[in-house]
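Numbering (my numbering), first residue to last: 1 to 117.
A virtual CB, placed ideally from N, CA and C, is assigned to each residue, including glycine.
Computed from a predicted structure; not experimentally measured.
For reference, the structure is listed below as structure tokens.
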């Protein structure tokens with residue numbers, strides 16, 4: 001064993017790094033809990049047909065509501081179905097982008113590779 005090093009070469013400098021990593025991980029865990037609560041309360045709108053159809057999801061993709069303008073009601077079921085689907089896809093994309101962005105902010109500088117990010 002070389003002088004100034006602890007067990008198996010795990011010196012005090014490495015111990016300090018490990019302690020800092022644990023602190024950072026704890027901060028991320030606390031932040032993740034807070035972020036989850038924020039995402040549950042968040043409303044993300046997706047639109048189609050120039051805003052004639054809107055679909056609202058939470059920040060973690062839970063459906064909240066759908067708004068359909070009376071102006072589009074006469075267009076028929078097929079057109080209305082297409083608009084609802086397009087608005088839902090728009091809301092989903094915005095919601096997942098928001099979640100991904102917030103997670104990147106939370107874990108920034110940790111060097112974590114998040115799946116799907």
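Less than 8 Å between the C-beta atoms of residue i and residue j, yes or no?
{"i": "residue 35", "j": "residue 44", "result": "no"}
{"i": "residue 46", "j": "residue 91", "result": "yes"}
{"i": "residue 30", "j": "residue 59", "result": "no"}
{"i": "residue 32", "j": "residue 80", "result": "no"}
Please name the residue or residues paired with residue i in a DSSP beta bridge.
{"i": "residue 87", "result": "Per DSSP, none; premise fails for residue 87."}
{"i": "residue 68", "result": "53"}
{"i": "residue 20", "result": "Looking at the DSSP assignment, residue 20 forms no beta bridge with any residue, so it has no partner."}
{"i": "residue 58", "result": "43"}
Since residue i and residue j are thought to touch, with beta carbons under 8 Å apart, how far apart are those beta carbons, to the nearest angstrom?
{"i": "residue 49", "j": "residue 72", "result": "6 Å"}
{"i": "residue 69", "j": "residue 52", "result": "4 Å"}
{"i": "residue 62", "j": "residue 54", "result": "Rounded, the Cβ-Cβ distance is 16 Å, inconsistent with contact."}
For the beta strand (DSSP E) that contains residue i, what are its first and last residues?
{"i": "residue 46", "result": "43 to 48"}
Could you tell me whether the Cβ of residue i comes closer than 8 Å to any Cβ of chain B?
{"i": "residue 88", "result": "Considering every chain present, this structure includes no chain B. It has just one protein chain."}
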